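A.B. asks: Residue numbers for the sequence shown follow our numbering, so the first one is 2 and each next one is one higher.
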Amino acid sequence: VDGVHRDISTFLRQSGIRRSEPLLVAASGGADSTALLFALCAMGLRVGVAHVHHGLRGSAADADAGFVCDLALRLGVPMHLARVDAARRDRHSPEARARALRYAALESLRAAGGYAWIATAHTLDDQAETVLLRALRGTSPLGLVATLALDSRRRLVRPVLRVRRGALRDYLALRGEVWCEDATNSDLGLPRNRLRAEVLQHLKGFARVRARGDHGLLRLAHFRRAHRLQRARHLRDILDAPHAEPHGTER
Numbered sequence: 002v003d004g005v006h007r008d009i010s011t012f013l014r015q016s017g018i019r020r021s022e023p024l025l026v027a028a029s030g031g032a033d034s035t036a037l038l039f040a041l042c043a044m045g046l047r048v049g050v051a052h053v054h055h056g057l058r059g060s061a062a063d064a065d066a067g068f069v070c071d072l073a074l075r076l077g078v079p080m081h082l083a084r085v086d087a088a089r090r091d092r093h094s095p096e097a098r099a100r101a102l103r104y105a106a107l108e109s110l111r112a113a114g115g116y117a118w119i120a121t122a123h124t125l126d127d128q129a130e131t132v133l134l135r136a137l138r139g140t141s142p143l144g145l146v147a148t149l150a151l152d153s154r155r156r157l158v159r160p161v162l163r164v165r166r167g168a169l170r171d172y173l174a175l176r177g178e179v180w181c182e183d184a185t186n187s188d189l190g191l192p193r194n195r196l197r198a199e200v201l202q203h204l205k206g207f208a209r210v211r212a213r214g215d216h217g218l219l220r221l222a223h224f225r226r227a228h229r230l231q232r233a234r235h236l237r238d239i240l241d242a243p244h245a246e247p248h249g250t251e252r
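#1: I'd like the list of long-range same chain contacts for A168, defined as Cβ closer than 7 Å, with 5 residues on each side in sequence excluded.
#2: Using a 10 Å radius around the Cβ and a threshold of 16 neighbouring Cβ atoms, would you call D126 buried or exposed?
#3: Using the Cβ count rule (16 or more neighbours within 10 Å means buried), how would you classify Q15?
#4: Could you tell me the alpha carbon to alpha carbon distance between R7 and V179, rounded to whole angstroms?
#5: Tell me the DSSP bridge mates of R84?
#6: Is it a yes or a no for the segment 101 to 114 touching the segment 73 to 93, going by three-plus beta-carbon pairs under 8 Å?
#7: Assess contact between the segment 112 to 125 and the segment 23 to 36, defined as three or more Cβ pairs (one per stretch) separated by less than 8 Å. Is contact present?
#8: Could you tell me the alpha carbon to alpha carbon distance between R89 and H52, rounded to whole angstroms?
#9: So L38 and P160 are in contact, right, with Cβ under 8 Å, and what is the actual spacing, rounded?
#10: Between V69 and V48, is the Cβ-Cβ spacing less than 8 Å?
#11: Who are L25's beta bridge partners in DSSP?
#12: Could you give the distance in angstroms between the alpha-carbon of R170 and the alpha-carbon of A112?
#13: Could you name the residues of the same chain whose beta carbon sits closer than 6 Å to that of D65, not counting the 5 residues immediately before and after it, in chain order?
#14: Just verifying my parser: in three-state terms, what is the DSSP assignment at L162?
#15: Does DSSP classify L151 as helix, strand or coil?
#16: Which word fits S153, buried or exposed, when buried means at least 16 other C-beta atoms lie within 10 angstroms of its C-beta?
#17: Give me, in chain order, the residues of the same chain whose beta-carbon lies closer than 8 Å to that of S34; leave out the 5 immediate sequence neighbours on both sides.
#18: Pull up the CB-CB distance for Q128 and L162, whole angstroms please, since I reckon it's below 8 Å.
#19: Going straight from the alpha carbon of Y172 to that of S94, what length do you get?
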């Protein structure tokens with residue numbers, strides 16, 4: 002069994018997601034989402050494809066949308082395309098604005114198409130980058146909470162959150178498949194790109210550190226989430242207890 006397929010199957014089983022539940026795959030055209038789409042189709046799951054055109058990057062964004070549409074046609078799965086205006090300025094950063102608009106569009110497509118979940122291709126590398134970036138920015142301990150692999154409230158699943166980015170690229174390469182490279186991923190003016198190129202890349206020189214580093218960051222993030230949930234349950238138990246004293250009367 003292919004390692005990527007095995008990891009996805011494990012995720013589905015542990016998350017209680019039935020294979021009959023239709024998934025809407027958020028596909029940018031990049032390697033990660035392209036690999037996720039191919040894997041889910043190869044595994045025989047019910048999928049549709051969604052691509053959000055952000056109104057940025059001009060003809061390059063048009064080419065990405067065309068690539069995803071052609072891919073959906075080739076795989077014989079439903080294609081859903083949404084356009085948003087992420088170029089319109091507001092109080093948020095361009096990245097935050099595009100992300101908010103993208104998820105809102107994906108949810109609209111999911112609900113309209115009758116899909117049970119939106120599947121995104123966040124990887125273990127993305128998780129590690131997020132935790133490290135927040136730490137370098139001086140986040141509070143709560144800021145180190147892990148990204149959810151399963152977010153029932155938002156109907157989001159991230160089946161390859163424990164898979165390395167390189168494994169997904171290998172998955173495509175072994176099958177002779179291609180993907181789109183977003184030129185903005187090499188823009189070192191963006192904090193995540195700079196972290197990836199100038200910090201995480203240096204860790205590759207320390208083989209043992211690199212081998213364990215991302216998983217260590219992942220464990221840290223999950224520890225923070227578990228601690229947060231434990232505190233929330235403890236508080237709820239106190240508030241629900243029949244002997245709890247009124248606020249302001251504690252001794």
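C-beta: ideal position from N, C-alpha, C; glycine also.
This structure is a prediction, so every number in the text was calculated from the model and none was measured.
C.D. replies: Working from what's here:
#1: G4, V5
#2: buried
#3: exposed
#4: 22 Å
#5: H54
#6: yes
#7: yes
#8: 19 Å
#9: Rounded, the Cβ-Cβ distance is 11 Å, inconsistent with contact.
#10: no
#11: G49, I119
#12: 31 Å
#13: G30, C181
#14: coil
#15: strand
#16: exposed
#17: V26, A27, A28, T121, A122
#18: 6 Å
#19: 34 Å
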